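Please read the structure below before turning to the comments.
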Amino acid sequence: DVMGFEKKVADEIGMPDEITFRYRSPYFKHIFGDDGYASGYYTYIWAQVLEADAWELFMQKGIFDKKTAANFKKYIMESGDTEDPTVLFEKFRGHKPDAAALLRLRGFAE
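Residue -10 is where the sequence shown starts when you use my numbering, and the numbers rise one by one after that.
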């Protein structure tokens, strides 16, 4: 009973009845009900992993670091489909994409 679960959680956190959930659990059924959508949704998360990992390098080197910016332009923005995208990312970042970067960005890991 998904709706019962939502009510239980809302009651546990003391959510006033006057405030309603913007998105209810059943709204996300399409994510789990169709293989095509789920795999497509995964690509959004993977893009966020790449973004977070790239951002960490800018934060380490300085967001206006010219060498980092030039390498980003060269390997990410200009290279297109000249090489495997993972290889290009590795050339830019210096390692394979690190999914933990997204966890760190969102505050779930250090």
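Note that beta-carbon positions come from the ideal geometry of N, C-alpha and C, so glycine has one too.
Remember, it's a predicted structure, so these values are computed and weren't measured experimentally.
Outcome for residue i when other beta-carbon atoms lying within 10 angstroms are tallied against a minimum of 16
i	result
residue 82	buried
residue 141	Absent from the structure is residue 141, since the part of the chain shown begins at -10 and ends at 99.
residue 78	buried
residue 64	buried
Rounded C-alpha distance that separates residue i from residue j
i	j	result
residue 35	residue 22	20 Å
residue 72	residue 41	22 Å
residue 68	residue 2	49 Å
residue 99	residue 51	19 Å
residue 27	residue 5	33 Å
residue 32	residue 38	10 Å
residue 74	residue 62	14 Å
Which runs of the beta strand (DSSP E) spanning at least 3 residues fall entirely within the segment 51 to 79, listed in chain order?
none
Are the segment 40 to 52 and the segment 92 to 99 touching, with three or more C-beta to C-beta distances below 8 Å?
yes
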